[in-house]
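Here is the structure we will look at, set down as C-alpha cells.
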C-alpha cells in the first residue's frame with residue numbers, strides 16, 4: 204500500500220474535486236494508494252513532510268517565487284475560480300475607489316490576483332482598501348451587513364446563493380487571468396527520490412479529470428456528497 208499526504212488550502216470543489224472523484228471511482232483502491240488529507244493553512248511550508256502532495260497550485264507557485272523548492276507536476280485548473288461581488292449600486296470597478304473590499308489574507312494568491320486586476324483597471328495606491336477576512340462566510344457577511352462595498356467569494360460558496368442576495372458580480376477572475384490554481388505540486392526532493400510515486404498520483408488525477416468530463420452521474424454524486432452542491 205502506497206501512503207501519501209494530500210495537502211489543501213480550501214475544502215472545496217476547486218481544490219479537491221479530483222481527489223474525491225478518484226476516491227469515489229475506486230481509483231486509489233485500484234492502484235493501492237491510501238490518502239490522508241491535511242489542511243496546510245496552519246502548517247508552515249518548511250514543516251510539511253517532503254512526501255506531501257499539494258493541490259493548491261496557486262499557493263505552491265507563490266511559495267516557489269519566495270524560494271520554496273516546489274514543482275507543479277499537474278495542472279487541473281488554470282482558471283482562478285473566484286468572484287468579486289459588490290453592493291447593487293456599484294456597477295463599475297471605479298466605484299470601489301476608497302471603498303472597503305473584503306478579500307483573502309495578504310500574500311494569499313486570491314488577494315494578489317485581486318490587486319493585480321484592480322490595478323489593471325486603474326485603482327492604485329490609497330484608492331485600494333483591500334482587507335483580509337477569514338473565509339467566504341465572513342466576507343459575505345461583511346457584504347450583507349454593509350460594512351464593505353465588495354467581497355471576494357470562492358467556489359465554495361454557490362454563485363446562485365450570492366446572486367440571490369442581490370449583489371452585483373463585478374469580476375470573474377477567470378475572465379481576466381489564466382494561472383495554474385489547482386492540480387498537484389510536490390517538493391523537488393520527492394520528485395527526485397520517488398518519481399514513480401509522483402507519476403502514480405499524477406496518473407490517478409489524470410484519470411479523475413477524464414471521469415469529471417465523461418461521467419456526469421459520478422460527478423454529481425461527488426458534488427452532493429462532499430460539497431453539498
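Residue numbers (this note's numbering): 204 to 432.
Beta carbons are placed, not taken as given, at the ideal position from N, Cα and C, and that holds for glycine.
Please determine, among 371, 274, 278, the residue with the shortest C-alpha to C-alpha distance to residue 408.
Here the question's residue 408 lines up with position 205 in the chain shown. Closest by alpha carbon: 278.
Which complete beta strand (DSSP E) runs does the segment 320 to 357 hold, if anything under 3 residues is left out?
332 to 335, 353 to 357
Please classify residue 342: is it buried, with 16 or more other beta-carbons within 10 angstroms of its beta-carbon, or exposed?
What you label residue 342 is simply residue 139 of the chain shown in a count that begins at 1. Classification of residue 342: buried, given that the 10 Å Cβ count is 16 or more.
Evaluate residue 340 with the Cβ neighbour count: other Cβ atoms within 10 Å of its Cβ, from every protein chain shown; 16 or more gives buried, anything less gives exposed.
Here residue 340 refers to the residue found at position 137 of the chain shown. Looking at its Cβ environment, which holds fewer than 16 other Cβ atoms inside 10 Å, residue 340 is exposed.
Can you list the alpha helix (DSSP H) stretches of 4 or more residues lying completely in the segment 247 to 280, in chain order?
260 to 268
Selected residue, minimal CA-CA separation from residue 262, among 254, 247, 350, 286
Taking the chain shown and counting its residues from 1, one reaches residue 262 at position 59. Among 254, 247, 350, 286, the Cα nearest to that of residue 262 belongs to 247.
Using the C-alpha atoms, what's the distance from residue 313 back to residue 403?
To locate residue 403, count along the chain shown from 1; it is residue 200. To locate residue 313, count along the chain shown from 1; it is residue 110. Approximately 30 Å, taken between the alpha carbons.
Cα separation between residue 372 and residue 380?
Locating residue 372 in the chain shown gives position 169, where the first residue counts as 1. Locating residue 380 in the chain shown gives position 177, where the first residue counts as 1. Approximately 16 Å, taken between the alpha carbons.
Can you tell me which of 285, 217, 326 puts its alpha carbon nearest to the alpha carbon of residue 299?
The residue labelled residue 299 in the question sits at position 96 within the chain shown. Taking only the C-alpha atoms, the option nearest residue 299 is 326.
Nearer than 7 Å: is that true of the beta carbon of residue 283 relative to any heavy atom of the ligand COA?
Summarising the ligand content, the structure contains no ligands, and the ligand COA is consequently not present.
Quick check on the DSSP output: the beta strand (DSSP E) that includes residue 215 runs from which residue to which?
Stepping through the chain shown from its first residue, residue 215 is reached at position 12. Element bounds for residue 215: n/a, residue is neither H nor E.
Between residue 220 and residue 212, what straight-line distance do the alpha-carbon atoms span, to the nearest angstrom?
In the chain shown, the residue the question calls residue 220 occupies position 17. In the chain shown, the residue the question calls residue 212 occupies position 9. Cα-Cα distance, rounded: 13 Å.
Exposed or buried, residue 285, counting other C-beta atoms within 10 Å across all chains shown (16 or more means buried)?
As a position in the chain shown, residue 285 is number 82, starting the count at 1. Buried, by the Cβ-count rule.
What distance in whole Å lies between the Cβ atoms of residue 227 and residue 421, which are believed to be in contact at a cut-off of 8 Å?
As a working note, residue 421 is residue 218 in the chain shown. As a working note, residue 227 is residue 24 in the chain shown. Indeed they touch by this definition, with Cβ atoms about 6 Å apart.
Less than 8 Å between CB atoms is the rule here; does residue 373 satisfy it with respect to chain B?
The structure shown contains no chain B; it holds only a single protein chain.
I'd like the list of long-range same chain contacts for residue 333, defined as Cβ closer than 6 Å, with 5 residues on each side in sequence excluded.
On the chain shown, residue 333 is found 130 positions in, with the first residue counted as 1. Excluding positions up to five away in sequence, the list reads 304, 306.
Residue 238 versus 272, 244, 210, residue with shortest Cα-Cα distance
As a working note, residue 238 is residue 35 in the chain shown. Cα-wise, what sits closest to residue 238 is 210.
Here's a check: name, in chain order, each residue in its chain whose Cβ is nearer than 6 Å to the Cβ of residue 464, leaving out the five neighbours to either side.
Residue 464 falls outside the range modelled here, since the chain spans only 204 to 432, and no answer is possible.
For a minimum of 4 consecutive residues, which ranges assigned as the alpha helix (DSSP H) are wholly contained in the segment 391 to 423?
391 to 396, 398 to 417
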